[in-house]
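Quick notes on the structure that follows.
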Amino acid sequence: MYTFSNKLKIGSFILMAVGFLGIAIGFISMPSTVEEAKAIVASHDDGHGAHATETHAATGGHGADAHGGEHDASHDEHVLHQLRNKPWAALYVGAFFFFMISLGVLAFYAIQRAAQAGWSPLLFRVMEGITAYLVPGGIIVFVILVMSVLHMNHLFVWMDPEVVAHDELIQGKSGYLNPTFFLIRAAIFLGGWIFYRQYSRKLSLQQDEANDNANFKLNFRWSAGFLVFYLVSESMMSWDWIMSLDPHWFSTLFGWYVFASMFVSGITVIAMVTIYLKSKGLLPDVNDSHIHDLAKFMFGISIFWTYLWFSQFMLIWYSNIPEEVTYYITRIEDFKLPFFGMIAMNFLFPVLLLINSDYKRINWFVVLGGIVILLGHYLDIFNMVMPATVGDQWSIGIPEIGAVLFFAGLFIFFVFRALATVPLQPKRNPFIEESRHFHY
1 MYTFSNKLKI
11 GSFILMAVGF
21 LGIAIGFISM
31 PSTVEEAKAI
41 VASHDDGHGA
51 HATETHAATG
61 GHGADAHGGE
71 HDASHDEHVL
81 HQLRNKPWAA
91 LYVGAFFFFM
101 ISLGVLAFYA
111 IQRAAQAGWS
121 PLLFRVMEGI
131 TAYLVPGGII
141 VFVILVMSVL
151 HMNHLFVWMD
161 PEVVAHDELI
171 QGKSGYLNPT
181 FFLIRAAIFL
191 GGWIFYRQYS
201 RKLSLQQDEA
211 NDNANFKLNF
221 RWSAGFLVFY
231 LVSESMMSWD
241 WIMSLDPHWF
251 STLFGWYVFA
261 SMFVSGITVI
271 AMVTIYLKSK
281 GLLPDVNDSH
291 IHDLAKFMFG
301 ISIFWTYLWF
311 SQFMLIWYSN
321 IPEEVTYYIT
331 RIEDFKLPFF
341 GMIAMNFLFP
351 VLLLINSDYK
361 RINWFVVLGG
371 IVILLGHYLD
381 IFNMVMPATV
391 GDQWSIGIPE
401 IGAVLFFAGL
411 FIFFVFRALA
421 TVPLQPKRNP
431 FIEESRHFHY
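So the sequence shown is numbered by UniProt numbering: it starts at 1 and just counts up by one.
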């Protein structure tokens, strides 16, 4: 049985403490007035603040100066909102990213249960441990959403009544995009995901002590039903929590696109945690073939993500419809490094590192590929959230790094604490012997 080592526990606390400090610095340093915002922009070396000045200078004439002054005031107010959004957006990206990993693992776990897979039962306790983060991670995301509804931030522009009053497109979507229904949906999604995780784990543990396979069969039925709920709720969640940050834009592929990102991230973490536990001698029956299969999924879903990304990008870019293509123009013009870096990290690196079958059996190679994949999909979420919330005032600084460290520490603590509560190997799963002798 695994013991949650003091070193790992202390390490997770240190990550949380340092991360919390970084998040706090972000909130403390955010501007409270237009003058403070202008001073921050002026101090940047990248010229973000030059646009308003150039626009004003180009107008010419006294009448145009008056108009330009109104434009400048509006622009300055907009920049203030963007800069005040920065720590909130950094917190939201970090919170959603680690929650997404846990949710991706839950989907993979349910698929293994529903498919009655023979190769993976040895990894079930690892998956159940990682999904333990669903509860704290889900609560944190929900709290951020509630704070948005209470107007403590401006992440979701459609929640601002003044904006909606002057925006016919958002008014047309108000039957769906309204704060009350938004929170009700979020509660239903989180409730369904957490219920399945808790109940499925309960059945899994009961199966170890049972004299028959009744718990296993019941878990199979619940898993199959859950996958139907998951497919619908995950798509709607991606519309609500991510796509509605840009309420004028939509993509019919978006639910699948977010799913691919969370799925490959989740599988990557399964592989990395499994390799760590095996290196400690705690999963003696897990062999190179299990790692090979996880690495195959990492490779395959990375290709699947690329297919979805390109399908969405190419169709929108080629059709060149203004209200659609602006989504990518913003990202290409203002987010060049994270946008193109994400593509390299989520496609080129997995292909180069994991295309060879032999490399999928080398633990350090899989871990290296996994680190690149996780960083790439953090950038993916970063690219989804930041353009709509902070515009060209983005950076990867203390608040962003602090949020990653804080949620990484929280994630490690809850995952490894859950792994330490029960034996790491199921005893009475009907396919456990097949899993022990699995060879590819």
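Backbone N, C-alpha and C define an ideal beta-carbon position, used for all residues, glycine too.
{"query": "Runs of beta strand (DSSP E) lying entirely within the segment 227–257, each at least 3 residues, in chain order", "result": "none"}
{"query": "Contiguous alpha helix (DSSP H) assignments of at least 4 residues, all confined to the segment 174–217", "result": "179–209"}
{"query": "Reduced DSSP category for K427 - H, G, I as helix; E, B as strand; rest coil", "result": "coil"}
{"query": "M159 vs H166 beta-carbon contact at 8 Å", "result": "no"}
{"query": "Classification of K280 by the beta-carbon crowding that lies within 10 angstroms, buried from 16 upward", "result": "exposed"}
{"query": "Close Cβ partners of I301 (< 7 Å) along its chain, the five nearest in sequence each way excluded", "result": "A260, F263, V264, I267"}
{"query": "W305 classed as buried or exposed, judged by whether at least 16 other C-beta atoms fall within 10 angstroms", "result": "buried"}
{"query": "Among W222, F216, T180, nearest to W193 - alpha-carbon criterion", "result": "W222"}
{"query": "Reference Y199; option with closest CA among A132, H248, F182", "result": "A132"}
{"query": "7 Å Cβ shell around Q206 - same chain, five flanking residues per side excluded", "result": "N215"}
{"query": "Contact set for I398: own chain, Cβ-Cβ below 8 Å, skip 5 residues either direction", "result": "G22, I25, G26"}
{"query": "For F4, three-class secondary structure by DSSP", "result": "coil"}
{"query": "Distance between N346 and S311 (C-alpha atoms, nearest Å)", "result": "15 Å"}
{"query": "Contact under 8 Å by Cβ, L123 with L106", "result": "no"}
{"query": "Cα-Cα separation between M384 and Y196, rounded to whole angstroms", "result": "28 Å"}
{"query": "Runs of alpha helix (DSSP H) wholly within the segment 340–391 (minimum 4 residues, chain order)", "result": "349–354, 363–389"}
{"query": "First through last residue of the alpha helix (DSSP H) which encompasses D285", "result": "Looking at the DSSP string, D285 is not in any alpha helix (DSSP H), and its letter there is neither H nor E."}
{"query": "Simplified DSSP state of A420, which is helix, strand or coil", "result": "coil"}
{"query": "Supposed close pair Y276, F97 - CB separation, criterion 8 Å", "result": "Between F97 and Y276 the Cβ distance is about 20 Å, and since that is not below 8 Å, they are no contact."}
{"query": "Secondary structure of residue 447, DSSP reduced to three states", "result": "Limits of the chain in this structure are 1 at one end and 440 at the other, which puts residue 447 out of reach."}
{"query": "Cβ-Cβ separation, A89 to M342 (assumed contact under 8 Å), whole Å", "result": "That pair is no contact at about 17 Å."}
{"query": "K7, buried or exposed, once every other Cβ within 10 Å from all chains shown has been counted against 16", "result": "exposed"}
{"query": "L410 to I321 span [Cα, whole Å]", "result": "43 Å"}
{"query": "Coarse secondary structure for S32, derived from DSSP in three states", "result": "coil"}
{"query": "For F438, three-class secondary structure by DSSP", "result": "coil"}
{"query": "Proximity to A114 [Cα-Cα], best of A210, I10, W394, V228", "result": "V228"}
{"query": "Where L158 sits in the DSSP three-state scheme", "result": "Residue identity check: residue 158 is Trp in the sequence provided, not Leu. If DSSP states are grouped into helix, strand and coil, W158 belongs with the helices."}
{"query": "G19, DSSP secondary structure in three states", "result": "helix"}
{"query": "C-alpha gap between Y109 and Y359, whole angstroms", "result": "25 Å"}
{"query": "Nearest-angstrom Cα separation, counted from E433 out to T252", "result": "43 Å"}
{"query": "CB of F407 within 8 Å of CB of P338, strictly", "result": "no"}
{"query": "Simplified DSSP state of G61, which is helix, strand or coil", "result": "For G61, the predicted model reports a pLDDT of 40, less than 50, meaning its position is unreliable; a value from the coordinates is still stated below. Coil, per DSSP."}
{"query": "Any non-hydrogen atom of the ligand ADP within 7 Å of G118 CB", "result": "The ligand ADP is absent from the structure shown, which contains no ligand whatsoever."}
{"query": "A418 burial status per 10 Å Cβ neighbour count (16 or more: buried)", "result": "buried"}
{"query": "CA-to-CA distance, F413 to M16, given in whole angstroms", "result": "10 Å"}
{"query": "Spatially closest choice to M127 from R201, L169, L177, by CA coordinates", "result": "R201"}
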